[in-house]
Amino acid sequence: MTTQADFIQHDAEPTSSITAVPHHIGIIMDGNGRWAQARGMPRIAGHQAGVDNIRRILEHCVQRGVKVLTIYAFSTENWRRPPDEVSGLMRLLGLTIQRQLNELNRNGVRILHSGRMEGINKHLQKQILNALEVTKDNDRIILNVAFNYGGRAEILDAVRHIMQDGIPPETLTEEMLSSYMYIGGIPDPDLIIRTGGGWRLSNFLIWQAAYAEYYTTPTYWPDFDENELDKALIEYNQRERRFGRVLNQ
Ligand code: IPE
Ligand code: IPE
Ligand code: MG
7 MTTQADFIQH
17 DAEPTSSITA
27 VPHHIGIIMD
37 GNGRWAQARG
47 MPRIAGHQAG
57 VDNIRRILEH
67 CVQRGVKVLT
77 IYAFSTENWR
87 RPPDEVSGLM
97 RLLGLTIQRQ
107 LNELNRNGVR
117 ILHSGRMEGI
127 NKHLQKQILN
137 ALEVTKDNDR
147 IILNVAFNYG
157 GRAEILDAVR
167 HIMQDGIPPE
177 TLTEEMLSSY
187 MYIGGIPDPD
197 LIIRTGGGWR
207 LSNFLIWQAA
217 YAEYYTTPTY
227 WPDFDENELD
237 KALIEYNQRE
247 RRFGRVLNQ
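The numbering of the sequence shown is my numbering, which starts it at 7 and goes up by one.
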């Protein structure tokens, strides 16, 4: 039963130009700081606006039939930011889990985490683990939060685990290596979206994005709305995914 506070209750307008829906979308949520600065606000206000935007995009992903949404929330390189911004971002994740976990759970959202736990304070670690546990049986959509995440760190961690498990080198396959990634077993992203105008991965899903379609927009993350997501999906529908083959011969 849905209540007033629930989300995912309206139907998105059908769009005939979106027939192929990506199973898994990755979003590099960039531009929060510039969004705030443009309004004469502190950067952390931009991060708060960015967090608020996750819900509407998640909801629209459900409406469109996306099954996995990976959001890049904090990179291993973001520790290089000023200490008050770093602690502000840590606090925001904790508060967001506290405020939104029940509602996400009620709406069938399964939360996963990609990233290193080391470096995150113990209390926040517990909150993250609790969110994974509470939502583990949900299957409407997976919200994978890349937090303290780096693609190189992920590959390094996978290789370390493989060595610890004593896997003989000649038996290692790409599929096995994939299964050692933080959320092994989840299909690779079909579409990577970057807001805020950049044209780089910034260490996001570098193993999994090998054949993802890439889309970038100058729109800052807090302004990236349902319409903007549809634009990305329409563009995705115009791409021909060849995976190295020659098509239409
Ligand atoms: C992205 O927004 C969010 C994080 C990296 C946490 P930024 O904070 O990078 O925003 P800009 O790029 O400075 O505008
Ligand atoms: C990428 O944004 C990381 C996240 C969105 C969490 P950054 O703002 O950190 O990326 P660079 O530094 O511009 O590459
Ligand atoms: Mg940035």
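Glycine residues also receive a C-beta, built at the ideal position from the N, C-alpha and C atoms. What you are looking at is a predicted structure, and each value in this text was computed from that prediction instead of being measured.
Can you find the residues in the same chain that come closer than 8 Å, C-beta to C-beta, to residue i, ignoring five residues on each side of it along the sequence?
i    : result
H5   : Nothing can be reported for residue 5, as the shown portion of the chain is limited to 7 through 255.
P193 : H29, H30 and V74
Could you tell me the distance, in whole angstroms, from the CA atom of residue i to the CA atom of residue j?
i    : j    : result
S107 : V252 : The sequence as given places Leu at residue 107; Ser does not occur at that position. Going from the Cα of L107 to the Cα of V252 covers about 46 Å.
I126 : A42  : 25 Å
E91  : M169 : 36 Å
A137 : N254 : 46 Å
A55  : G37  : 11 Å
R112 : L64  : 14 Å
I161 : W213 : 7 Å
G121 : L135 : 12 Å
N233 : G190 : 31 Å
D231 : P174 : 48 Å
P309 : F249 : Because the chain spans 7 through 255 in this model, residue 309 falls outside it and cannot be assessed.
D119 : Y78  : Inspection of the sequence shows that residue 119 is occupied by His rather than by Asp. The alpha-carbon atoms of H119 and Y78 are separated by roughly 10 Å.
R247 : V151 : 26 Å
V72  : L95  : 27 Å
A215 : T76  : 12 Å
R61  : R206 : 25 Å
I148 : G114 : 9 Å
A26  : T102 : 32 Å
Y188 : Y226 : 28 Å
T21  : L178 : 43 Å
F153 : E19  : 32 Å
C67  : D236 : 10 Å
M7   : Q69  : Since pLDDT at M7 reaches only 40, below the 50 mark, its modelled position is unreliable, and the value read off the structure follows with that caveat. For M7 and Q69, the distance between alpha carbons rounds to 18 Å.
Taking residue i as part of the alpha helix (DSSP H), name the residues at either end of that continuous run.
i    : result
N127 : Unbroken run through N127: none, as it is neither H nor E.
G121 : G121 -> no alpha helix (DSSP H), and no H or E assigned at all.
G100 : P89 to R112
G39  : N38 to Q43
S184 : E180 to S185
Sorted by chain position, which residues of the same chain lie with C-beta nearer than 7 Å to residue i's C-beta, five sequence neighbours on each side aside?
i    : result
P48  : A42
S6   : No statement about residue 6 is possible, as the shown extent of the chain runs from 7 to 255 and does not include it.
L130 : M96, L99 and G100
D229 : W41
Taking 6 Å as the limit between beta carbons, can you name the residues of its chain near residue i, skipping five residues before and five after?
i    : result
T9   : Caution is warranted here: a pLDDT of 45 is assigned to T9, below 50, making its placement in the model unreliable, and the coordinate value is therefore given only provisionally. Same-chain partners within the cutoff: there are none.
T82  : G156 and A159
E219 : L197, Y242 and R245
For the beta strand (DSSP E) that residue i lies in, which residues bound it at each end?
i    : result
A79  : V74 to S81
A152 : I147 to Y155
I63  : Element bounds for I63: not the beta strand (DSSP E) but the alpha helix (DSSP H), R49 to R70.
H30  : H30 to I34
Along the chain, which unbroken stretches of the alpha helix (DSSP H) at least 4 residues long are found entirely within the segment 201-248?
Whole alpha helix (DSSP H) segments, 4+ residues: 232-244.
Residues around ligand 4, please: the condition is that the C-beta lies closer than 7 Å to some non-hydrogen atom of it.
Among the ligands in the structure shown, ligand 4 does not appear; only ligand 1, ligand 2 and ligand 3 can be found there.
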